[in-house]
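Student: The structure follows.
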Amino acid sequence: PCPTYEECLVTRRRTSLPFVLDEVITGVDSLTRGLADGAMDVINLKISKVGGLTKARLMRDICIGAGIPMTIEDTWGGDIVTATIAHLAQSTPAEFAFSATDFNSYGTVDIADGAPKRVDGRMRASDAPGLGITPLMDVLGDPVLSV
Numbered sequence: 000p001c002p003t004y005e006e007c008l009v010t011r012r013r014t015s016l017p018f019v020l021d022e023v024i025t026g027v028d029s030l031t032r033g034l035a036d037g038a039m040d041v042i043n044l045k046i047s048k049v050g051g052l053t054k055a056r057l058m059r060d061i062c063i064g065a066g067i068p069m070t071i072e073d074t075w076g077g078d079i080v081t082a083t084i085a086h087l088a089q090s091t092p093a094e095f096a097f098s099a100t101d102f103n104s105y106g107t108v109d110i111a112d113g114a115p116k117r118v119d120g121r122m123r124a125s126d127a128p129g130l131g132i133t134p135l136m137d138v139l140g141d142p143v144l145s146v
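Numbering follows the numbering used here, with no gaps: position 23 of the sequence shown is 22.
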């Protein structure tokens with residue numbers, strides 16, 4: 000709720016209400032610091048903010064071990080990001096999956112076939128290989144950069 004970790008910690012120590020750390024959780028170091036300080040009840044785990052899916056999975060596993068539930072999401076996205084979120088959330092034990100965000104429901108244009116869609120307040124990751132989606136290249140357009 001505050002711009003810096005230190006300000007969040009001061010606020011946390013002055014309230015008995017449940018406390019969520021969001022933008023200040025940027026990697027394993029900030030997560031372990033928060034755990035050591037008892038700075039949160041829940042974290043908002045944003046996949047790209049922490050360095051991608053592999054690092055987010057590690058942090059998810061640390062949270063599970065420490066008993067900290069998570070909102071699993073990202074900074075923004077569409078079908079591809081939502082598929083990534085759905086897979087990480089679905090592989091998280093239910094008692095630690097506080098919530099997950101279906102960013103593709105915020106937009107009006109599909110950019111992949113097979114992306115999870117929210118039904119009755121829930122979404123399910125595909126059983127297909129990888130993220131279970133097929134990007135719609137005609138919608139995405141030409142690459143911005145080719146290497």
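Quick reminder that beta carbons are idealized off the backbone N, C-alpha and C, glycines included. All values reported here derive from a predicted model rather than from experimental measurement.
The beta strand (DSSP E) that contains M39, what's its start and end?
Tutor: First-last for M39: undefined, no H or E at that position.
Student: Does A127 pass the burial test, meaning 16 or more other C-beta atoms within 10 Å, or should it be called exposed?
Tutor: exposed
Student: Within the segment 28-95, note down every full alpha helix (DSSP H) run reaching 4 residues or more, in order along the chain.
Tutor: 52-65, 78-89
Student: Less than 6 Å between C-beta atoms, sequence neighbours within five positions excluded: which residues of the same chain meet that for N103?
Tutor: G77, D78, T81, A114, listed in sequence order.
Student: Spell out the partners DSSP gives A114 in its beta bridges.
Tutor: DSSP, once it has assigned bridges, lists no residue as partnering A114.
Student: Out of S15, E22, R12, L16, point me to the one whose CA is closest to C1's CA.
Tutor: The shortest C-alpha separation from C1 is found at E22.
Student: Excluding the 5 residues flanking A55 on each side, which residues of the same chain have their C-beta closer than 7 Å to its C-beta?
Tutor: L44, I46, V49, L87
Student: For T152, which of D109, M58, V146, D73 has the nearest alpha-carbon?
Tutor: Residue coverage of the chain in this structure runs from 0 to 146, which leaves residue 152 outside it and unanswerable.
Student: Can you name the start and end residues of the alpha helix (DSSP H) that V138 belongs to?
Tutor: 136-139
Student: Looking at the structure shown, is R123 part of a helix, part of a strand, or coil, going by DSSP?
Tutor: In this structure, R123 counts as coil in the three-state DSSP scheme.
Student: Taking Cβ positions, are M69 and F97 nearer each other than 7 Å?
Tutor: yes
Student: Near D112, which residues of its chain fall below 7 Å by C-beta distance, leaving aside the five closest residues on each side in sequence?
Tutor: I132, T133, L135
Student: Could you give the first and the last residue of the continuous alpha helix (DSSP H) run that contains V9?
Tutor: 4-12
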